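Down below is the structure, laid out as structure tokens.
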Amino acid sequence: MILSWQKGGLLLGLVFLAAVLLVKPIGVSTQFVILDGIAWDAIDSQVVVESPDAKSGYASPNAYLNKSGGKYAKSVANPINYGFVFVLALMAGAAVSALLRGGVPREYRAMPAIWRSNFGDSPWKRYLAAFISGFIVLYGARLAGGCTSGHMMSGMMQTAISGYLFTAGAFLAGVPVAILLFRKEG
Amino acid sequence: MTTIVLAILIGAAFGFALDRVGATNPDYIIGMLRLSRLHLMKTIMLAIGVSSTLMFLGLVGGVIDPGHLSVKATYVGVLIGGILLGVGFAVAGYCPGTGLAGAATGRKDGWFFVLGGLIGAAAYMGSYAWVKSTGILDNLVGGKTTLGLISGTKYTALVGGIPGEWIGVAVGLIFVAAAFLLPDSIGRQSRTHEAAGKETSP
């Protein structure tokens, strides 16, 4: 069952609080870069190299992996790190929750109800839209330096100006696009 | 080792919570963005309010280490990136965290979102040097800036005079109040409500 907004908000809020109490604020989108880096490094071992001169001890010819003293390069070289394991556990936690509530019904596994009522039954149309959206979302999140978790929730939790700016951008674009695109209810 | 155990515990709790609040279901996210179903917006505002209020009280009480805070820099790219994310968020009904979580719950469109995300992140990796050269990553308003000054941190404060911790408590309470004041729906009454309800009932 889906929780009421009161219980759900409390639960989600306590998870964000626990994260900053015990370790650091929650963030997700960086790990897409880390997984890309791991895959790239597996193909070309020169992508991440040990470097005693770098602050993190690792360097990369790629300017992004190499930024901030090579901290992303270090995570690529050591995948068993907090951020990466956190995201794997996130997926496991969501899977367990879904199993306990009986799983996502078959008719909703390819697309949500509101997509079907506006754009029809074709799964590949939905998959293509989801794929392109994923590209735009992660490009945007990396440009912004964080996503809904890191900027919107963790950022506004800490009264970060960047969190308010990011949220303004996301809703200023997301609300009109959703209203124009999904004319019919689900 | 401890940090890995914490990663597993907090990560799993986060994934579990995302699924239980409905955030892994694109119907809820799209319903929130088209303002027809604000369940998730109320949930998120309450979550931010609760975590913020308690975090700042924890800082005042010395229970939370200010070194654990992590404030991100402000620059024009934050707004542009937010706009890009907002567009994809609306079309797909997923963001990076809920896309991964949704995929893990068995949603195939979630896996396509994640795949597109990996390629989008790689595209950013490839274009980073050029993006940086345009100047849109240059700091604004002092870079890593919070509303008020938070002791024990080096973050710039936007407002002086009042301790940042108390501003944080006040803003947190405003979020809680806003969550209660926000209606369930703006304008139309949603049938999404029924569809999503059907899906989640046993």
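Sequences listed follow chains B and C, in order. The numbering used here numbers the first residue of the first sequence as 146 and each following residue consecutively. The numbering used here numbers the first residue of the second sequence as 742 and each following residue consecutively. By construction, the Cβ of each residue, glycine as well, lies at the ideal position given by its N, Cα and C atoms. Keep in mind the model is a prediction, meaning the values are calculated, not measured.
From the beta carbon of Ala313/B, is the nearest beta carbon of chain D less than 8 Å away?
Of the chains in the structure shown, none is chain D; the protein chains are B and C.
According to DSSP, simplified to helix, strand and coil, what is Pro321/B?
helix
Contact residues within the segment 167-192 of chain B, judged by C-beta distance below 7 Å to chain C:
Leu167, Val168, Lys169, Pro170, Ile171, Val173, Ser174, Phe177, Val178, Leu180, Asp181
List the residues of chain C that Asn223/B touches, going by C-beta distances under 9 Å, in chain order.
Within 9 Å Cβ-Cβ: nothing; Asn223/B doesn't reach chain C, min ~11 Å.
Do you know whose CA, among Gly228/B, Ser205/B, Ile225/B, lies nearest Ala218/B's CA?
Ser205/B
Along the chain, where does the alpha helix (DSSP H) that runs through Arg261/B open and close?
258-264
So which of Leu774/C, Arg761/C, Ala918/C, Ala754/C has the shortest CA-CA distance to Glu330/B?
Leu774/C
Distance check for Val193/B and Ala184/B, CA to CA, integer angstroms please.
11 Å
I need the DSSP call for Ala764/C, collapsed to helix, strand or coil.
coil
So, using beta-carbon positions, are Val812/C and Thr887/C closer together than 8 Å?
yes
Which residues, taken in chain order from the segment 292-304 of chain B, show a beta carbon closer than 8 Å to some beta carbon of chain C?
Cys292, Thr293, Ser294, Gly295, His296, Met297, Met298, Ser299, Gly300, Met301, Met302, Gln303, Thr304
Taking buried to mean at least 16 other C-beta atoms within 10 Å of its own C-beta, is Thr743/C buried or exposed?
exposed
If the cut is a Cβ gap below 7 Å, which residues of chain B does Ala758/C touch?
Leu156, Leu157, Val160
Are any of the Cβ atoms in chain C nearer than 8 Å to that of Gly202/B?
no
Give the residues from the segment 858-876 of chain C that approach chain B closer than 9 Å (Cβ to any Cβ), ordered along the chain.
Gly858, Leu859, Ile860, Gly861, Ala862, Ala863, Ala864, Tyr865, Met866, Gly867, Ser868, Tyr869, Ala870, Val872, Lys873
Would you mind telling me which residues of chain C sit closer than 8 Å to Phe280/B, beta carbon to beta carbon, in chain order?
Gly829, Gly857, Gly858, Ile860, Gly861, Ala864
Under 8 Å between the Cβ atoms of Val819/C and Ala289/B?
yes
Ignoring anything shorter than 4 residues or poking outside the segment 187-243 of chain B, list the alpha helix (DSSP H) runs there in chain order.
208-222
Separation of Gly893/C from Trp805/C, as counted between CA atoms
It is worth fixing the name first, because residue 805/C is Ile in this sequence and not Trp. Spanning the two alpha carbons is a distance of roughly 11 Å.
Against chain B, does Val801/C count as a neighbour if the rule is that its beta carbon must be under 8 Å from one of theirs?
no
Just verifying my parser: in three-state terms, what is the DSSP assignment at Thr794/C?
helix
Can you name the residues of chain B whose CB is closer than 8 Å to the CB of Ile824/C?
Gly285, Gly314, Ala315, Leu317, Ala318
Contact under 8 Å by Cβ, Thr784/C with Ala239/B
no
Three-state secondary structure assigned by DSSP to Thr887/C:
strand
Quick one: give me the first and last residue of the alpha helix (DSSP H) that Arg271/B is part of.
268-289
Establish whether the CB of Glu330/B and some CB of chain C are separated by less than 8 Å.
yes
Residue-chain proximity (Val249/B, chain C), Cβ-Cβ < 8 Å:
yes
When DSSP builds the beta bridges, which residues end up paired with Thr897/C?
Thr886/C
Are the segment 168-180 of chain B and the segment 273-287 of chain B touching by the rule of at least three beta carbon pairs closer than 8 Å?
yes
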